[in-house]
Structures are given as structure tokens and as C-alpha cells.
Amino acid sequence: MKVRDILGRGDFALISELIPPGSKVLDLGCGDGALLAWLRENQRVEARGVEINSELVQKAIARGVTVYHGDIDQSVTEYPEQAFDYVILSQTLQETRHPLRVLEEMLRVARHAVVAFPNFGHWRVRLSHLASGRSPRTPTFPHQWYTSPNIHFLTVLDFEELVASQGWIVEKRRFLSGHSQLTFMPNLMAEIAVYMVRR
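Heads up, the numbering used here is the position in the sequence shown plus 50, with the first residue counted as 1.
Spelled out as C-alpha cells, the structure:
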């Protein structure tokens with residue numbers, strides 16, 4: 051099944067399908083606020099974001115999005131319990147210093163956590179590593195090892211194992227390969243995984 055893009059990203063389209071209209075939403079690592087602005091305009095969500103890059107914070111504010119300048123490894127702890135309906139972490143989990151702590155805090159401050167991440171188990175990543183003997187480089191992971199923002203390398207199976215070990219519940223899971231949604235062998239075939247999780 052082909053997945054439409056929102057703002058040039060298929061994961062944004064899948065995330066938008068998981069967020070009901072009128073929800074209170076926090077986006078961690080929200081970048082320039084494009085997704086939050088889209089959700090606010092199209093689904094009337096009450097939108098807030100956290101972003102570490104000050105230039106992107108300014109762009110988000112220019113879009114009319116309320117964004118806090120901070121590091122999500124620390125900033126999410128400042129929100130009260132169950133302050134939001136949904137917390138989004140889109141393609142940022144692998145960049146956090148303490149991913150488990152961030153996930154725990156997400157589920158403390160909201161009923162539902164929506165997590166999208168690049169799947170390091172994808173066949174192109176495996177093939178790149180096997181063929182070159184070097185840190186993998188693919189269209190999804192174009193960086194050199196010394197310039198990559200990624201500090202944790204997780205796969206679909208890794209995330210599923212973590213969720214099970216914590217006793218959390220996967221409410222929904224979606225997988226992308228290019229512009230297509232797939233269900234077959236996601237650990238091998240999916241480039242991007244999108245999960246909605248609750249306690």
C-alpha cells in the first residue's frame with residue numbers, strides 16, 4: 051500500500067493517522083515545528099514541542115508553534131504526569147543519550163507514546179556493512195560514522211524486545227519501505243518503523 055507524504059515524509063503521514071483531532075500533543079525533537087503546525091492546522095491539536103537546535107526553535111515559533119528550547123534527555127522530566135494525550139518522538143530515539151529513560155518519561159507525561167525510528171536491521175544496512183566492512187551508509191543512513199547524529203543502533207526486533215521487557219503494550223505498529231507500507235518481515239524489509247505504545 052502506497053503511503054502519502056506529509057511535508058515530504060512518509061513517517062509524518064503515518065503519525066498523523068495515529069493522532070486523533072483535538073488531542074494534546076507534545077513533539078520531542080520537533081525540528082522546525084512542521085509536523086506540529088500541520089497537526090494543529092488539520093487536526094486541531096493543542097501542540098507543544100521541544101527542540102535542542104535554537105535555529106529550528108526560531109523557525110518553529112515563526113510557524114506559530116509553542117516550542118521549548120531544550121535537550122529532550124532532560125527537558126521531558128519537567129512536564130507533569132499525564133499532561134498530554136500523545137507524545138511524539140520521530141526519528142530521534144537513536145540520537146538520545148538515554149533512550150529508555152526518554153521512553154519512560156514519554157509514558158509518564160502522556161497516555162500514548164508515538165515513536166518512529168530508522169530500522170538498522172533493514173537489508174540495505176546489512177548488505178552495506180557486509181560488503182564494505184565499514185560503518186553502513188545507505189539512503190536512510192547517509193552520514194559518515196564521525197558525522198552521524200545516531201548514537202544508538204536499534205532494529206524492529208530490538209524495539210519489540212524492549213517494549214516486552216518493560217511490560218508496555220504496542221497499540222499500533224506501522225512499517226515503511228520507501229513510500230510503501232509493509233507487513234512482511236519488517237525487521238529485514240522496513241526502513242522506518244512507527245509504533246504507538248502505552249503502559
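Just so it is clear, CB atoms sit at the ideal spot from N, CA and C, and this is done for glycine as well.
Small disclaimer: the values here were computed from a predicted structure and weren't measured.
Quick test of the definition: if touching needs 3 or more C-beta pairs under 8 Å, does the region 142–159 touch the region 82–91?
no
Under the three-state DSSP convention, the category Thr190 falls into:
coil
Between the C-alpha atoms of Ser66 and Leu89, what's the straight-line distance to the nearest angstrom?
7 Å
The region 221–230 touching the region 194–205, judged by at least three CB pairs closer than 8 Å
no
With Ile138 and Val75 assumed to form a contact (beta carbons below 8 Å), what rounded beta-carbon distance in angstroms separates them?
7 Å
Give the list of continuous beta strand (DSSP E) stretches no shorter than 3 residues that lie fully inside the region 130–193.
134–140, 160–168
Per-residue DSSP class, three states only, for Arg90
helix
At 4 residues or longer, and completely inside the region 63–130: list those alpha helix (DSSP H) runs for me, N to C.
84–93, 104–112, 122–125
Could you spell out the range, first to last residue, of the beta strand (DSSP E) harbouring Ala214?
Unbroken run through Ala214 is the alpha helix (DSSP H), 206–216; no beta strand (DSSP E).
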